[in-house]
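Undergrad: Take this structure first; my questions come after.
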Amino acid sequence: MGIKEWLHKKREQKNSSRTINTAVIDDEVGKLWTKCFNCGANLPAKEVEENLHVCTKCGYHFRINAKERIAQVVDLATFEEINADVVSADPLQFKDLKTYKSRQKDAFEKTKLNDSIITGIGKINGEKMAIAVMEFAYMGGSMGSVVGEKITRLIEIAIEKKLPVVIFTSSGGARMQEGIFSLMQMAKTSCAVAKLNKAKLLYITVLTEPTFGGVTASFGTLGDIIIAEQGARMGFAGRRVIEQTIRQKLPADFQTAQYFLKHGQVDMICSRDELKEVIANLVRLHSKNK
Amino acid sequence: MGIKEWLHKKREQKNSSRTINTAVIDDEVGKLWTKCFNCGANLPAKEVEENLHVCTKCGYHFRINAKERIAQVVDLATFEEINADVVSADPLQFKDLKTYKSRQKDAFEKTKLNDSIITGIGKINGEKMAIAVMEFAYMGGSMGSVVGEKITRLIEIAIEKKLPVVIFTSSGGARMQEGIFSLMQMAKTSCAVAKLNKAKLLYITVLTEPTFGGVTASFGTLGDIIIAEQGARMGFAGRRVIEQTIRQKLPADFQTAQYFLKHGQVDMICSRDELKEVIANLVRLHSKNK
Amino acid sequence: MSKITQLPFEKPIYDIEDKIEELKMLSNESGIDLTSQIETLTKQAEEFKKNLYNNLKPYERIQIARHAMRPTFLDYVKNITTDWLELHGDRAGTDDRSIIGGIARIDNQPVVLIGTQKGKTTKENLEYNFGMPHPEGYRKALRLFKHAERFDLPIVTIIDTPGAYPGMKAEETGQGVAIAENLLEMAKLKVPIIAVITGEGCSGGALGLAVANKVYMLENAYYTVITPEGCASILWNDAAYADKAAEALRITADFLLEQNIIDGIIKEPLGGAHYDPELTFVNLKNVVVKALSELSQLNEQQLIETRYDKYRAMGALNG
Amino acid sequence: MSKITQLPFEKPIYDIEDKIEELKMLSNESGIDLTSQIETLTKQAEEFKKNLYNNLKPYERIQIARHAMRPTFLDYVKNITTDWLELHGDRAGTDDRSIIGGIARIDNQPVVLIGTQKGKTTKENLEYNFGMPHPEGYRKALRLFKHAERFDLPIVTIIDTPGAYPGMKAEETGQGVAIAENLLEMAKLKVPIIAVITGEGCSGGALGLAVANKVYMLENAYYTVITPEGCASILWNDAAYADKAAEALRITADFLLEQNIIDGIIKEPLGGAHYDPELTFVNLKNVVVKALSELSQLNEQQLIETRYDKYRAMGALNG
Ligand SMILES: [Zn+2]
Ligand SMILES: [Zn+2]
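So this is what it looks like as structure tokens:
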């Protein structure tokens with residue numbers, strides 16, 4: 352199911368659910384009741400969804416998938432996906448306790464995506480831009496050849512069409528199953544950002560829960576403007592690895608968006624409902640004659 | 352007495368002092384015996400002088416004046432001083448407990464210099480370069496209009512003649528008696544360095560005892576290569592000001608060359624006898640086809 | 024607006040005003056007509072005020088420049104811009120709160136705005152470190168300068184600082200080199216730079232944000248190589264001679280304009296910006312808008328060259 | 024040279040060599056002629072060695088790459104350059120000792136040399152943090168990259184690191200963004216960049232110095248997205264499966280050359296660089312000198328474009 356159909360179906364469901372009390376239970380839309388991880392409140396799933404998957408009691412931001420993100424931030428019916436069919440060639444024929452191929456298959460079943468990123472062109476509050484959204488549910492949003500290639504192609508299109516670029520990250524890091532090819536995507540995407548810089552086009556990254564490893568150490572933190580979504584955690588190394596290394600418990604706020612703001616690594620923190628407006632505003636502030 | 356004559360006289364003295372036992376006592380050459388501030392040793396002044404004014408017992412680097420510095424580092428008879436006659440106009444007609452004019456007069460008497468810097472063109476180990484040396488004995492090496500102007504002119508000549516620039520700093524900071532004009536020399540010299548950068552000419556600064564305030568916060572730390580002379584102290588704010596501000600005793604090594612090396616602010620520390628060779632080597636390493 | 028804190032030299036004004044209030048009360052209570060006496064006294068007060076404020080001594084201006092209720096950078100942001108978005112951090116470990124930067128529109132023109140921030144309460148002052156930046160603040164500013172350059176945005180800096188912070192950590196992370204690098208990089212920037220000194224413009228700490236195409240000062244701001252207290256404690260051996268040092272250092276806007284150190288003076292309401300912040304905002308905004316418009320006529324090369332020439336000419340020499 | 028520490032998989036070799044020594048001693052003591060037996064055994068030993076070292080498993084190579092006596096960055100500097108001058112510090116508070124940089128001549132050509140440094144003793148390892156850089160190390164490298172660019176000097180990086188340090192302070196000061204900025208800036212540099220992985224080339228920590236026009240590996244070096252131990256503990260739930268992970272990750276030079284990830288392999292003496300460091304220095308120097316000469320033919324634009332194209336092409340895709 353492509354993005355367009357999915358969005359269409361979702362809107363239909365939304366409309367229908369307004370009139371029908373016996374809401375359809377759907378994997379993506381969620382269950383009838385949602386329990387907030389943060390405050391423990393049991394809330395009607397519909398209420399939470401309509402609040403952008405933010406707890407109506409405490410403001411906790413639930414993790415959302417890439418399609419939901421696009422539905423939230425991209426103007427209705429303006430998103431044109433590109434390069435949806437790019438898939439990894441499994442260059443190492445990787446196998447641990449499972450084969451990479453079987454993990455890919457499972458991830459596809461779960462997300463209906465070919466890899467952990469959706470890219471395309473669309474409008475955000477009227478501003479046309481090149482947009483990428485990572486999907487954490489696909490193998491932890493890990494970056495392999497497909498992520499690298501799709502981001503690079505997106506940036507190349509942005510340069511061609513003179514569009515700003517916004518990327519929503521969500522990733523545990525590199526995709527080990529692609530070995531060195533995965534590592535090289537850090538270089539590849541950074542090289543693409545270098546070209547974007549040269550073209551003087553605005554590049555915004557939105558770090559969402561969670562953003563770690565190779566994504567943090569490449570295109571994720573190369574934004575001209577770096578926004579952290581409220582409640583997101585981010586960093587280079589994982590919390591457990593660090594605790595093992597330094598043999599010390601880490602403070603509770605370690606690697607939160609607030610921590611990264613305090614330590615000068617993100618330009619701002621936005622709550623989910625601010626994102627659209629802030630992104631569009633930033634684009635306008637960086638455009639001549641706007 | 353110009354530099355050339357002074358160097359000439361000094362060399363004569365040096366030669367003569369080798370044969371005559373009853374050495375002439377001269378303000379510049381120093382007394383017969385020199386007591387080391389560091390190890391307390393009483394050493395023959397001549398021995399210390401011949402050792403570049405470095406204690407032969409403990410390696411302590413005595414502060415030397417600008418002329419002595421030039422004699423030490425510039426190849427014999429190659430130094431051509433420029434802009435020796437530039438003097439300050441006393442724009443504020445400044446007066447505290449004494450007038451600026453009288454302080455200038457005293458400083459002139461003490462140093463036979465018109466201000467706290469000597470600039471010129473000369474060779475260091477065979478490499479021709481634009482050279483500036485600050486004179487701490489002239490009002491604490493403070494930077495007023497003359498220092499700013501002479502450094503700027505030196506850099507302009509270096510650009511014209513495609514020469515590298517080396518500046519030996521020694522300064523307590525800005526010259527208060529010139530008020531805002533003094534502050535503006537920080538901007539002026541930094542602007543000149545910007546032009547030098549654009550011309551891709553090498554700029555070396557050698558921070559010697561002591562280098563503080565406005566010089567540290569402008570041309571002093573803008574060297575492509577920053578060398579700290581062994582034993583020099585340096586910093587932005589003075590030790591006492593900091594102790595008063597933070598109400599805390601500072602560690603003994605605070606603001607030493609070693610401290611600045613450890614804290615990433617100087618490229619290297621050189622003992623006095625290494626300077627000539629290192630500077631010349633740096634120039635050669637940064638020149639095409641050498 | 025909360026009651027304005029009175030400065031020592033303003034006491035005579037407040038005394039007269041108290042007297043007028045007294046007479047008014049007396050008149051009300053007793054029914055005696057004191058209108059003409061009150062009018063006379065009011066006129067006298069006005070005359071006295073004008074005379075006082077138009078002949079301020081340097082050290083009195085300093086007290087106005089340091090007034091706790093003087094508008095701060097964020098007050099200017101709030102009142103002269105739209106669409107303000109603060110951009111945090113040096114991308115290397117620190118978001119120094121004493122220097123704040125961001126992007127906003129002034130009169131519809133997007134600009135990068137950077138300023139030193141002071142607090143109005145003790146809590147705020149601790150947060151903003153009394154407007155005294157660490158090296159990381161200057162590095163944040165530099166990051167934003169380069170951001171502005173990449174996107175061809177003019178830069179406006181608003182400066183009110185007693186100086187860069189003289190602390191141990193600040194030395195450790197390079198207060199000197201951080202300021203020096205800002206001077207150097209500002210000299211190279213390809214976009215218009217406008218600096219406004221709104222309160223205290225002390226030493227390298229102020230200059231680190233002020234290498235600009237156009238530099239303006241509020242009427243009661245001061246711009247100096249060293250705080251008068253610091254100067255007095257060195258040259259008079261006693262900080263109490265700050266008033267003498269303030270005279271000697273020639274730190275006021277009129278002298279600096281005369282000497283071409285600054286490019287213009289922004290009028291303040293009688294008695295200082297805090298007596299009528301709204302008017303101050305308008306005055307400052309008008310000057311900035313005009314400067315932006317003038318500088319927009321210059322190309323990159325001209326911006327760099329005129330900025331260079333401006334500082335190249337500064338100095339007072341014989342021979 | 025001090026005695027070489029033996030690796031577990033080398034035990035058979037050392038056993039045979041011990042036997043040969045024994046026979047020699049026996050022969051000396053007893054006067055019995057064992058020459059032919061010794062010769063046979065020596066030949067066998069040689070055969071066995073060749074066979075072993077030419078068929079190393081990935082995890083055996085890793086042990087060689089990690090050998091405590093393997094030449095370090097400063098060994099290469101000492102042996103392949105002249106006029107070395109170390110340039111310290113990030114100009115912002117720190118001189119990270121795990122990344123060392125400076126300027127020197129290789130075959131008379133001035134270059135900027137930057138490398139990760141490991142120690143050979145515990146004391147040295149603490150000083151160099153086991154070759155694991157903090158963000159400040161990457162920032163020092165970046166400063167020196169830009170220095171090289173200004174003076175048109177080629178850059179040579181020598182990499183041997185188990186990865187960027189995963190510590191609290193490192194997160195605080197931006198390990199991620201520091202590496203990312205190096206990748207970005209290396210992509211933009213107008214001078215030739217040559218990277219040599221001499222030992223461990225782990226993860227972003229290695230890549231942060233390795234976005235280059237030419238990338239080489241020593242024969243027994245490994246280059247990987249994650250340490251085999253880290254990979255095993257995640258995918259096999261047990262770091263003890265590191266040998267399996269090392270196989271699966273395809274981390275050896277021959278595979279990486281075949282896949283165009285690297286541009287060449289630098290021969291090591293039989294058994295690894297530490298068995299004959301001198302030969303290793305010569306081999307490495309020859310490769311670097313040749314690469315410098317080749318890259319000197321390219322202009323700025325070509326250097327940037329070919330570097331871009333190289334990384335642009337990396338990835339394994341269908342469709
Ligand atoms: Zn909640
Ligand atoms: Zn001594």
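Chains as they are written, first to last, in this note's numbering: chain S, 352 to 641; chain E, 352 to 641; chain U, 24 to 342; chain V, 24 to 342. Beta carbons: idealized from backbone N, C-alpha and C, even for Gly. What you are looking at is a predicted structure, and each value in this text was computed from that prediction instead of being measured.
(1) Round the Cβ separation of E478 of chain E and T462 of chain E to the nearest angstrom and send it over; I've been treating them as touching at under 8 Å.
(2) Mind checking whether I289 of chain U and L307 of chain U have CB atoms under 8 Å apart?
(3) Do T562 of chain S and A588 of chain S count as a contact pair if the criterion is CB distance below 8 Å?
(4) Give me the chain U residues within the contact set of C542 of chain E, using Cβ-Cβ distance strictly less than 7 Å, ordered along the chain.
(5) Just verifying my parser: in three-state terms, what is the DSSP assignment at H111 of chain V?
(6) Does DSSP put Q86 of chain V in a helix, a strand or coil?
(7) For S569 of chain E and chain U, any beta-carbon pair shorter than 8 Å?
(8) Report the rounded CA-to-CA distance for T572 of chain E versus G473 of chain E, giving the unit in angstroms.
(9) Given this structure, state the Cα-to-Cα distance separating T95 of chain V from P602 of chain E, to the nearest angstrom.
(10) Taking DSSP as the reference, what is the three-state secondary structure of V548 of chain S?
(11) Does any C-beta atom of chain E lie closer than 8 Å to the C-beta of M24 of chain U?
(12) So what's M209 of chain U in DSSP terms, helix, strand or just coil?
(13) Could you please give me the residues that DSSP links to L136 of chain V through a beta bridge?
(14) Report the residues of the segment 166-183 of chain V with a CB closer than 8 Å to any CB of chain E, ordered along the chain.
(15) Can you have a look at C390 of chain S and say buried or exposed, based on whether 16 or more other CB atoms are within 10 angstroms of its CB?
(16) Use the C-beta contact count for F388 of chain S: other C-beta atoms within 10 angstroms, 16 or more gives buried, fewer gives exposed.
(17) Since G160 of chain V meets chain S, which of its residues come closer than 7 Å, beta carbon to beta carbon?
(18) Using beta-carbon positions only, say whether M527 of chain S and C225 of chain V come within less than 8 Å of one another.
(19) Assuming I630 of chain E and F570 of chain E form a contact by the criterion Cβ under 8 Å, report the distance between their Cβ atoms to the nearest whole angstrom.
(20) Three or more C-beta pairs under 8 Å: does that hold for the segment 177-193 of chain U against the segment 59-68 of chain U?
(21) By how many angstroms is the C-alpha of D118 of chain V removed from the C-alpha of Y411 of chain E?
(22) Taking all protein chains shown into account, decide if R93 of chain V is buried (16 or more other Cβ within 10 angstroms of its Cβ) or exposed.
(23) Are the C-beta of G615 of chain E and some C-beta of chain V separated by less than 8 Å?
(24) Quick one: is the Cβ of A579 of chain E within less than 7 Å of any heavy atom of ligand 2?
(25) Within its chain, find whatever has a CB closer than 6 Å to the CB of L30 of chain V; leave out the 5 residues flanking it on each side and keep chain order.
(26) Ignoring anything shorter than 4 residues, give me the alpha helix (DSSP H) runs that lie fully in the segment 521-601 of chain E, in order along the chain.
(27) Any heavy atom of ligand 1 within a distance shorter than 7 Å of the CB on A396 of chain S?
(28) For G125 of chain V, does the count of other Cβ atoms within 10 angstroms reach 16, so buried, or fall short, so exposed?
(29) Quick check on K727 of chain E: buried or exposed, where buried means 16 or more other Cβ atoms within 10 Å of its Cβ?
(30) Is there contact here, the segment 105-119 of chain V with the segment 146-162 of chain V, by at least three beta-carbon pairs under 8 Å?
(31) Any chance the segment 529-540 of chain S sits against the segment 231-248 of chain V, with 3 or more Cβ pairs inside 8 Å?
(32) Just verifying my parser: in three-state terms, what is the DSSP assignment at Y151 of chain U?
(33) Would you say the segment 464-471 of chain E touches the segment 425-434 of chain E, given that touching needs at least three Cβ pairs under 8 Å?
(34) Under 7 Å Cβ-Cβ, which residues of chain S neighbour G222 of chain V?
(35) In chain order, what residues have a CB nearer than 6 Å to some heavy atom of ligand 1?
(36) Could you pull the start and end residues of the alpha helix (DSSP H) that V100 of chain V belongs to?
TA: This is what the structure holds:
(1) Actually they do not touch by this definition, with Cβ atoms about 28 Å apart.
(2) yes
(3) no
(4) A210, Y331, Y334, R335
(5) Reduced to three states, the DSSP call for H111 of chain V is coil.
(6) helix
(7) yes
(8) 22 Å
(9) 34 Å
(10) Position check: residue 548 of chain S holds Asn in this sequence, whereas Val was assumed. N548 of chain S: helix per DSSP, three-state reduction.
(11) Here M24 of chain U scores only 44 on pLDDT, less than 50, and its place in the model should not be relied on; the value that follows carries that caveat. For M24 of chain U, the nearest beta carbon of chain E is not closer than 8 Å to its own beta carbon.
(12) helix
(13) V:G125, V:V179
(14) Considering only beta carbons, the part of the segment 166-183 of chain V lying closer than 8 Å to chain E consists of H170, R173, F174, D175, L176, in chain order.
(15) exposed
(16) exposed
(17) Those within 7 Å of G160 of chain V in chain S number zero; the least Cβ separation is about 13 Å.
(18) no
(19) No, I630 of chain E and F570 of chain E are not in contact; Cβ-Cβ is about 17 Å, not under 8 Å.
(20) Not touching, per the Cβ criterion.
(21) 25 Å
(22) Counting the other CB atoms within 10 Å of its CB gives R93 of chain V a total of 16 or more, which places it among the buried residues.
(23) yes
(24) no
(25) Q86
(26) 530-549, 564-567, 590-597
(27) no
(28) buried
(29) Limits of chain E in this structure are 352 at one end and 641 at the other, which puts residue 727 of chain E out of reach.
(30) Yes, the segment 105-119 of chain V touches the segment 146-162 of chain V.
(31) Taking 8 Å as the limit for Cβ pairs, the verdict is that the segment 231-248 of chain V does touch the segment 529-540 of chain S.
(32) coil
(33) Touching, per the Cβ criterion.
(34) Neighbours of G222 of chain V on chain S: none; closest Cβ ~16 Å, over 7 Å.
(35) In chain order, the qualifying residues are S:C387, S:N389, S:C390, S:A392, S:C406, S:K408, S:C409, S:Y411.
(36) 96-103
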